[in-house]
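Student:
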Amino acid sequence: MLTTDLAQNFRALQCAVEVQAPMARYTSFKIGGPVDLLVTAPSAQAAEKALTFCRERELPVSFLGNGTNLLVSDEGIRGVVLRLSGEPAEQMAVHGDTITCPAGLPLKALCRFARDNGLAGLEFAYGIPGTVGGAVYMNAGAYGGQMEDVLLCARALYPDGSQREVPRAEMGLGYRRSIFMEKQAVVIAAAVRLTPDEPAAITARMEEYLRRRREKQPLEYPSAGSFFKRPEGHFAGALIESSGLKGYTVGGAQVSEKHAGFVINRGGATCADVLSLAEQVREKVLLDHGVELEPEVRYIG
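Read left to right, the sequence shown gives residues 4 to 304 (the numbering used here).
#1: Taking Gly255 and Thr273 to be in contact with their CB atoms under 8 Å, please state how far apart those CB atoms are, rounded to whole angstroms.
#2: For Cys156, does the three-state DSSP call read helix, strand or coil?
#3: When the distance is taken between beta carbons, is Val190 closer than 8 Å to Leu154?
#4: Under 8 Å, do Ala123 and Thr6 count as touching if we go by C-beta distance?
#5: Using DSSP with H/G/I as helix, E/B as strand and the rest coil, what is Phe265?
#6: How is the alpha helix (DSSP H) around Gln11 delimited, first residue to last?
#7: Could you tell me the distance, in whole angstroms, from the CA atom of Ala203 to the CA atom of Ile131?
#8: On the three-state DSSP scale, how would you describe Leu113?
#9: From the DSSP output, which residues share a beta bridge with Ala19?
#10: Report buried or exposed for Gln17, applying the criterion of at least 16 other Cβ atoms within 10 angstroms of its Cβ.
#11: Taking the alpha carbon of Gln187 as the point to measure from, which residue in Phe66, Gln48, Glu299 has its own alpha carbon closest?
#12: Measuring CB atoms only, is the segment 214–222 touching the segment 133–142, in the sense that at least three cross pairs come out at less than 8 Å?
#13: On the DSSP bridge assignment, give the partners of Glu168 in chain order.
#14: Give the DSSP bridge partners of Gln257, in chain order.
#15: Within the continuous beta strand (DSSP E) that includes Tyr302, where are the two ends?
#16: If I measure Cβ to Cβ from Tyr251 and keep anything under 6 Å in the same chain, skipping five residues before and after, which residues do I get?
#17: Give the secondary structure of Phe231 by DSSP, where H, G and I count as helix, E and B as strand, and everything else as coil.
#18: Nearest by alpha-carbon distance to Cys57: which of Asn72, Gly36, Arg167, Arg81 is it?
#19: On the three-state DSSP scale, how would you describe Phe56?
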């Protein structure tokens, strides 16, 4: 792969390019080897051109949001990782009870914009890290709410370079899943429909959720949030804790002593450490409880 020549081609498309970018720098886990080319598109249009270029050259391409639900191989990623730059808040727009915004926007910024415009419904998402696009992609949720509850539609860029607006009814939304995962599409914009309320009341709910998150979750360590999906009829963290695995460690990876549903990077953890730890946790929980845990975190590389 002639990375230097390819980098110049992407720069000609107005994209920023980093050669052999260490993915540990771009994931909340702080884990992952280098990608051949990290391409950051300043707009959906630039992303579309970059994706078309990848397709024409038959370059493998992966998409990256804020890297908050991602575990990258220690060997890194071959090909191109494409991401949208953090879009400015000025590109958000409110029409009555509906807000439209670019996918590269931090989710927290959308929550604040909704509050400032007296629109409720996104309070649950206030402490969720990552971008709007990533939240739509995985139907992110917390404290009894999820993106499915407020989404109106989204615009997505597909591997063949085409764009399509997808209404909520066609998104295939479920627990931490969407049609965009199956189609390997990247969300480039979204619209949410909310409910009018007093900004002060909205702020109080946002701050309460944030307080609970800080109190119960190991936010002081790098992680990818809840590592396992919630099994039907159970809570992953409770099952792991009852199996005596709180604090269990492999290398630099550890089952959090604060919340057993989190796998944290105590310092110097490798992808291999995390995968080994996760597999041992799954085996022990299956043996003890007959419940098979499924990772929520995406693995690439």
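Where a beta carbon is used, it is the ideal one built from N, C-alpha and C, also for glycine.
Tutor: Concretely, from the data shown:
#1: Indexing the sequence shown from 1 puts residue 255 at position 252. Indexing the sequence shown from 1 puts residue 273 at position 270. That pair is a contact at about 7 Å.
#2: Here residue 156 corresponds to residue number 153 of the sequence shown, with the count starting at 1. Of the three classes helix, strand and coil, the one that applies to Cys156 here is strand, per DSSP.
#3: Position 151 of the sequence shown, counted from the start, is the residue given in the question as residue 154. Position 187 of the sequence shown, counted from the start, is the residue given in the question as residue 190. Contact flag unset, no.
#4: Your numbering for residue 123 matches position 120 in the sequence shown. Your numbering for residue 6 matches position 3 in the sequence shown. Cβ atoms of Ala123 and Thr6: not closer than 8 Å.
#5: Indexing the sequence shown from 1 puts residue 265 at position 262. Strand.
#6: Here residue 11 refers to the residue found at position 8 of the sequence shown. 6–15 is the extent of the alpha helix (DSSP H) around Gln11.
#7: Within the sequence shown, numbered from 1, the residue matching residue 203 stands at position 200. Within the sequence shown, numbered from 1, the residue matching residue 131 stands at position 128. So the alpha carbons of these two residues sit roughly 20 Å apart.
#8: Position 110 of the sequence shown holds residue 113. If DSSP states are grouped into helix, strand and coil, Leu113 belongs with the helices.
#9: Within the sequence shown, the letter at position 16 stands for residue 19. Partner(s): Thr43.
#10: Position 14 of the sequence shown, counted from the start, is the residue given in the question as residue 17. By the 10 Å Cβ count, Gln17 comes out exposed.
#11: Sequence index remark: in the sequence shown, residue 187 carries index 184 (1-based). For the residues Phe66, Gln48, Glu299, the minimum Cα distance to Gln187 belongs to Phe66.
#12: no
#13: For the purposes of this step, residue 168 is taken as the residue at position 165 of the sequence shown. Per DSSP, Arg158.
#14: If you number the sequence shown from 1, residue 257 lands on position 254. Its beta-bridge partners are Thr252, Ile267.
#15: By 1-based counting over the sequence shown, the position of residue 302 is 299. That run of the beta strand (DSSP E) goes 301–303.
#16: Position 248 of the sequence shown, counting from 1, holds the residue named residue 251. Contacts found: Val258.
#17: Reading the sequence shown from its first residue, position 228 is the one you call residue 231. DSSP places Phe231 in strand when its eight states are reduced to three.
#18: Sequence index remark: in the sequence shown, residue 57 carries index 54 (1-based). Looking at the Cα atoms, Arg81 is the closest of the given residues.
#19: Walking along the sequence shown from the start, residue 56 turns up at place 53. Residue state, collapsed to three classes: helix.
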